[in-house]
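As structure tokens, the structure follows; a few thoughts come after it.
2 protein chains.
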Amino acid sequence: MAKYKIVIDLLGSDKGPEEILKGAALSLEAFPELSLILVGPEDLIKASNLPLDRVEIINCDKTVTNYDNSVDAFYKATDVSIFKALEATAKSDAIGMINAGNTGAMLVGCIKYLLTEKRTRPCLCAVMPTVTKSFTCLVDTGASIDCGPHQLVEFAHLGSEFMKKLLGIESPRVGLLSNGSEPTKGNKLVKEAHHLLAEEEGINFVGNIEGNNALSGQCEVLVAEGFAGNQVLKNSEGMAMNLITEIVKYGKKTGKEAEVMEIVGYLMQRFDFESLGAGIVLGIRKPVMKCRGSSGAKAIKNAVKMMINLSEEKSLYEDR
Amino acid sequence: MAKYKIVIDLLGSDKGPEEILKGAALSLEAFPELSLILVGPEDLIKASNLPLDRVEIINCDKTVTNYDNSVDAFYKATDVSIFKALEATAKSDAIGMINAGNTGAMLVGCIKYLLTEKRTRPCLCAVMPTVTKSFTCLVDTGASIDCGPHQLVEFAHLGSEFMKKLLGIESPRVGLLSNGSEPTKGNKLVKEAHHLLAEEEGINFVGNIEGNNALSGQCEVLVAEGFAGNQVLKNSEGMAMNLITEIVKYGKKTGKEAEVMEIVGYLMQRFDFESLGAGIVLGIRKPVMKCRGSSGAKAIKNAVKMMINLSEEKSLYEDR
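From first to last, the protein sequence lines are chains A and B. Residue numbering for the first sequence follows this note's numbering, beginning at 1 and increasing consecutively. Residue numbering for the second sequence follows this note's numbering, beginning at 1001 and increasing consecutively.
Structure (structure tokens):
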């Protein structure tokens, strides 16, 4: 009997629905109590070797690409897979939804189908591994661009609530991304948000955090406006890959490939951004996860695992 | 006979004037045709073992700290070392100035003493090593926060001119830091700047660059508003240090310290942000370099070397 039902949108990713289907298969294999609602081409799903008794199919072959305007999609394209998937999430007993398509369309869909009674604007966070044993939730990573200081305070609350659950801790430390640690540093938005956060009840505000300390484990929640947060998220991943690439080059140059690959394996595991389920939409009724467009099957399985853990309130530390 | 004269401000750095003095000593040793104007406590300089026949002293013991307001300093504190150093740069035949103090005060001083006839607002860039053999000049890294789209176009010109000299190339590729590669991605500022840059004459615009590709060698000039640019600069350095720290931990854990330190040495040399002279002020009459506050003597010597190379128009590639 299925204990957890999760909706997966098969369309819109870089590697095509076949790869996401592989992720669905891996997930069903790994989690016996899982059942899925798959949104995508019915023929393709039926032709796969998935255990179809644990799969519900919503047939759909329309998607929103990264070149489409996601706001237009809201009005014109109600029959696209991301909206069908979010509608199914809202109307069923599914615990959440996973996709690897257009982020804008997903957020528009979250507003359409999954707003809370407070009607908070959803934001997108990423749980990132730090150099300590802890994790930092970076919020927002690109959903709320050009937002105001009160939204940054809202991000602090949403991130704190989320990390309380995810880490099983009482009072997550909240930092504010800035260009200097002193309260006088920042752009206009950050200076205003700093004042508000320092006064805000229920927030354990530890002050400004600079970009070099984003993953130093000084806070469990790192608040940022979406454009700057996106830079930190992508730059962190890019730099980790740059260094790993250089190490591989070094191994080839010096003929020490075997030793080097051991270190690479260790680093890939320590800084495996994909294992933590990529982006998570906060501030809506059920968790929605956005894997990156280039996600492989393993990333989908990891997202499924994280969603199950979230619904169980199982601390991330148990896996560390 | 001294061929190059450089001004160095000894005050305002985290490690104190003794460390910057050591950097001055290293530089005089390494470059026989160098002479220095040192701004700092006369007693300290005279008590050092510097070749005083190649040193001019401007006695000063007042500085601007990171907690001081740099704009206030402009009006109130004309007798601080950074202003004396910039005044000496403007009035002497020095080829440029090096310091490791308060960035804001330095920029205010550049406006006061070194504006060009066009009276362009100065910006701060950093030359960063990429995964290819090339370099990327990130401009602005934190001097121009909350600026407008036309300023980003100005940064593109200043960065292009600088990289033409530094790399000895005809037409540096200019990228615009954004949260997506498509022209429709970005905050309001970036979208406007994208349009302007696409139309701008004399700029080899290659479009938006995401944070993960900041150091992938896709452009020689990466244009960013100062707050976002600061995130990329500091996050890149922070992540490089995070990975290097993890590799050292791995070496200790596995008893492979010797092998690991070889790799660390290689990475430190490939991603040595300090060796490229830290921040450089563009858009003023003479080059002014800002080493980070925590700079050691070696960083000062590297800045001196880069400034000499700049004045000789010697391509950076010659050292690579």
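All residues carry an ideal CB built from backbone N, CA and C; glycine is no exception.
| query | result |
| --- | --- |
| Presumed contact (8 Å Cβ cut-off) between A/E210 and A/S178, rounded CB distance | 7 Å |
| C-beta neighbour in chain B for A/M239, strict 8 Å | yes |
| Secondary structure of A/K301, DSSP reduced to three states | helix |
| Alpha-carbon spacing of A/A143 relative to B/V1127, whole angstroms | 30 Å |
| Short CB-CB distance (under 8 Å) between A/V108 and chain B | no |
| Distance between beta carbons of B/A1240 and A/M239, contact taken as under 8 Å | 6 Å |
| Proximal residues to B/A1214 (C-beta, below 8 Å), its chain only, five neighbours per side dropped | M1128, T1136, L1138, L1177, L1222, V1232, S1236 |
| Cβ-Cβ distance between B/I1098 and B/Y1004 below 8 Å | no |
| With 16 other Cβ atoms within 10 Å as the buried cut-off, status of A/S294 | exposed |
| Run of the alpha helix (DSSP H) containing A/V190, from where it starts to where it stops | 188-199 |
| Chain A residues whose Cβ lies nearer than 8 Å to that of B/A1228 | F227, A228, Q231 |
| From B/A1088, B/V1064, B/A1085, residue whose alpha carbon lies closest to that of B/A1077 | B/V1064 |
| Alpha-carbon to alpha-carbon, A/E117 and A/I300 | 30 Å |
| First through last residue of the beta strand (DSSP E) which encompasses A/E210 | 204-210 |
| Alpha-carbon to alpha-carbon, A/P32 and B/D1146 | 52 Å |
| Paired residues, beta bridge with A/E312 - DSSP | Note: A/E312 sits in no beta bridge, so no partner. |
| Cross-strand partners of B/Y1004 (DSSP beta bridge) | B/L1034 |
| 8 Å Cβ cut-off: residues of chain B touching A/T245 | V1131 |
| DSSP state of A/V80 mapped onto helix, strand, coil | coil |
| Cα-Cα separation between B/G1198 and B/L1267, rounded to whole angstroms | Note that residue 1198 of chain B is Ala in the sequence shown here, rather than Gly. Going from the Cα of B/A1198 to the Cα of B/L1267 covers about 36 Å. |
| Three-pair Cβ contact test at 8 Å for the stretch 1189-1198 of chain B versus the stretch 188-202 of chain A | no |
| At least three beta-carbon pairs within less than 8 Å, the stretch 257-271 of chain A to the stretch 1242-1251 of chain B | yes |
| CB contact check: A/N213 to chain B, cutoff 8 Å | yes |
| B/K1252, enclosing alpha helix (DSSP H) - first and last residue | 1226-1254 |
| Short CB-CB distance (under 8 Å) between B/F1271 and chain A | yes |
| Nearest-angstrom beta carbon gap, A/S81 and A/L11 [assumed within contact, 8 Å] | 4 Å |
| Identity of the residues DSSP links to A/N99 by a beta bridge | A/K290 |
| Limits of the beta strand (DSSP E) - the one that A/L222 falls within | 221-223 |
| Straight-line gap, B/N1187 to B/P1149 (C-alpha atoms, nearest Å) | 11 Å |
| Beta strand (DSSP E) segment containing A/E56, residue limits | 55-59 |
| CB contact check: A/N179 to chain B, cutoff 8 Å | yes |
| Pair within 8 Å by beta-carbon distance, A/A193 and A/G23 | no |
| Cutoff 8 Å: B/E1192 Cβ touching any chain A Cβ | no |
| According to DSSP, residues forming a beta bridge with B/R1173 | B/N1204 |
| B/E1225, buried or exposed, once every other Cβ within 10 Å from all chains shown has been counted against 16 | buried |
| Top-ranked residue by Cα proximity to B/C1125, from B/L1034, B/I1057, B/K1191, B/T1103 | B/T1103 |
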